[in-house]
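Taking this note's numbering, I'd label the letters of the sequence shown as residues 759 to 914.
Note that the Cβ used here is the ideal one computed from N, Cα and C, for glycine as well.
Okay, so here's the structure we're looking at.
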Amino acid sequence: MDVLLFRLAIITWLISAIAPIDGVWFAGIGLFVVSVMGAVVVLSNLTLDYFHGLGDVLGLLHLIMPWYNLIVIWAWFRFASPGPQPWSVWNLLLYVAALHSSLVVSAFLVVPSDVSLTVNATGIRWVFAIWASSLLLLALAFLVRCYRLRRFMREE
């Protein structure tokens with residue numbers, strides 16, 4: 759079960775990277791590059807007068823989302839030996855990233871917004887939803903693998 763979830767996570771992540779938005783293939787990779795550049799620019803020009811309330815501070819959490827791809831790639835290499843601790847620091851990082859991206863996707867699919875003037879926002883929303891589902895599948899694969907390893911250790 760955990761291997762199947764892991765393979766589904768890889769497939770959905772690749773689909774989100776390769777899938778076309780408005781007929782442009784590999785738009786997910788372009789979206790990743792643009793979002794990383796935007797996050798770096800916003801963070802480098804950030805001043806204290808930007809913060810007017812708690813909503814502005816929480817909005818900064820969205821700027822770390824492009825870096826979740828590094829967590830995904832790290833998890834791909836680590837899946838073979840995650841250890842029997844489902845609540846280790848590294849696994850918690852993956853779980854928080856999956857939960858955060860899922861909450862943002864659910865809000866992104868419900869709340870209408872103009873993401874771009876040149877790209878259909880519906881295409882971006884679906885690619886983003888597929889990407890977030892790959893994070894969820896990866897987190898579930900790690901949970902199942904860790905609990906399975908714990909059960910095997912108890913039986914020995």
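Would you say residue i and residue j are within 7 Å of each other, going by their C-beta atoms?
i    : j    : result
I779 : V885 : yes
A890 : Y853 : no
L895 : A767 : yes
G925 : S774 : A query on residue 925 cannot be resolved here, the shown segment of the chain reaching from 759 to 914 and no further.
H856 : L763 : Checking the sequence shown, residue 856 turns out to be Ala, not His. For A856 and L763, no; Cβs fall outside 7 Å.
V739 : A887 : This structure cannot speak to residue 739, because the chain is shown only from 759 to 914.
V815 : F809 : yes
Can you list, in chain order, the residues of its chain whose CB lies under 8 Å from that of residue i, leaving out five sequence neighbours each side?
i    : result
H838 : Position check: residue 838 holds Ala in this sequence, whereas His was assumed. Cβ neighbours of A838 beyond the five flanking positions: none.
S793 : M823, P824
Can you give me the Cβ contacts of residue i inside the same chain, cut-off strictly under 6 Å, excluding the 5 residues immediately before and after it?
i    : result
L867 : R883
F910 : none
R912 : none
For residue i, which of the options has the nearest alpha-carbon?
i    : options                : result
C904 : L893, A887, R836, W832 : R836
W834 : A777, R909, M759, S892 : S892
L907 : H858, D807, L812, P842 : P842
G781 : R912, G881, R909       : G881
To which residues of the same chain is residue i closer than 7 Å at the C-beta, ignoring the five residues directly before and after it?
i    : result
V790 : It should be noted that the sequence gives Phe, not Val, for residue 790. The residues are P824, N827.
I831 : none
L851 : I829
M759 : V902
Practice task
Tell me, please, whether the stretch 840-848 touches the stretch 814-822 by the rule of three or more beta-carbon pairs shorter than 8 Å.
Solution key: Contact between the stretch 840-848 and the stretch 814-822 is absent, with fewer than three C-beta pairs closer than 8 Å.
Practice task
Any chance you could list the alpha helix (DSSP H) runs of at least 4 consecutive residues sitting entirely within the stretch 815-857, in chain order?
Solution key: 826-836
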